[in-house]
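Written below as structure tokens is the structure these notes are about.
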Amino acid sequence: MSKAEFIYLTQEDVIAAGGLNMEKCMEAVEEALACHARGDMVLPSKTVVRWGDPETEATKGRINAMPSYLGGKVNKVGIKWIGSSPLNPKRHNLPRASGILILNDPETKLPLAIMDSTIISAMRTGATGGVGMKYLARKESRIMGMIGAGVQARTQAMAAKIAFPHLEKILIFDILPDRSNSWCQEMSLKLNTPCSPARSAEEAVRESDFFVTVTTAHAPIVKADWIKSGHTFVHMAGYEDEVAVVKKADKIVLDSWTEVHHRGLQTVYLAYEQGLISEKDIYAEIGEIIIGKKKGRENNKEFIYYNTVGMGIEDVAFGSFILEEAQKKGIGISLPLWKNPIWV
Ligand SMILES: NC(=O)c1ccc[n+]([C@@H]2O[C@H](COP(=O)([O-])OP(=O)(O)OC[C@H]3O[C@@H](n4cnc5c(N)ncnc54)[C@H](O)[C@@H]3O)[C@@H](O)[C@H]2O)c1
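In the numbering used here, the protein residues as written are 490 to 833.
What follows is the structure, given as structure tokens:
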């Protein structure tokens, strides 16, 4: 008798198992990024299903398949299958993103868990931004600027509070003022930090010590003129700044050049494609800074440009933490794959 079972976790189960614990998520993601720098992972590039050229993602959406193996303490293999439909919030009162994560045993390859990954994905994205803030922003940073007041903006702000517990203010701009107003009401209370709507994207950038863009925009918002000495730009989505911003950077740091290149949408890639920068202008991948192979911020004057495209190993890292916690706490339901396989 060789029965096979996996654990099924709903979004509520994921949360009960620690899905909103940003401190733990940042630890898990930092470890995953370190494994990336050491080569202790297997990361096929993401496969994007979309209904036309990249521009159609804004209206018709996409679904990404993101398989990976993460070594180190985690030692799990998995895949995130995540849909994005930017019109969901307005049309259907549903989140833009929705996903499922499957985790497998690296030895038998059998599934260990299937879980909602909507929260896991948002949290690991916040954590990836947060790890960048921790290593790249000026230590005395007090004001965070944000552009885009959606789901990911919430986790970016949660991560900023871990990286900078003494954050004094978050200034946020969204093209839809209602979104930034309600975001500020919710997040001021949750983070115990004053959050105010900015009058413009320019104000959010100029007033900040470090700033994040996390929008669904497909045209540049941030202008090179707005950048000041010592700024850190955490660029989490696609094409949100003019290429001159990239050109102005003293250091360009990515999660993965291979993945940014493969996706082909980020401003850094566009600057490369237009011949404004070459591969040698990419200073580091964040994992190399985490493991001490390269230095992070070296003075208070550098303008550091940090861009992430997202990697499946980050989902496997935090999903594995959730699975472990769920098992400890008896959360979720066990489902059979089979009672006895008919063919071996
Ligand atoms: N780097 C990563 O690993 C990663 C992971 C997940 C999501 N993302 C990206 O993050 C982005 C945001 O995702 P989300 O789930 O928060 O979406 P969301 O729909 O919840 O929020 C997006 C917000 O951006 C605002 N916006 C759109 N255009 C704007 C503009 N020109 N100026 C100001 N605000 C504007 C919208 O009004 C909305 O409030 C998406 O583009 C997504 O692809 C990146």
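A virtual CB, placed ideally from N, CA and C, is assigned to each residue, including glycine.
The model shown is predicted, which means the values in this text are computed figures rather than measured ones.
With contacts defined as CB atoms closer than 8 Å, A616 and M511 qualify as a contacting pair. The three-state reading of DSSP puts D542 in coil, since its state is none of H, G, I, E or B.
Exclusion of the five residues before and after K783 leaves A773, E777 as the residues of its chain whose Cβ lies within less than 6 Å of its Cβ. Taking K623 as the centre and dropping the five residues before and after it, the same chain places the C-beta of A652 closer than 6 Å to its C-beta, in chain order. Pairing G588 with T607 gives a Cβ-Cβ distance under 8 Å. In the three-state reduction of the DSSP assignment, R668 falls in the helix class, which pools H, G and I. By the 16-neighbour rule on beta-carbons within 10 angstroms, T644 is buried. In the assembly as shown, D730 is a buried residue. Its beta-carbon has 16 or more other beta-carbons within 10 Å. Residue pairing from DSSP places W570 in a beta bridge opposite A554, I589. Per the coordinates, the alpha-carbon of W715 lies some 12 Å from the alpha-carbon of S689. Secondary structure of I778 (DSSP, three-state): helix. Residue pairing from DSSP places L498 in a beta bridge opposite M604. Per the C-alpha coordinates, the member of K549, T548, A626, K535 positioned closest to M555 is K535. Residue pairing by DSSP places I659 opposite M633, C684 in a beta bridge.
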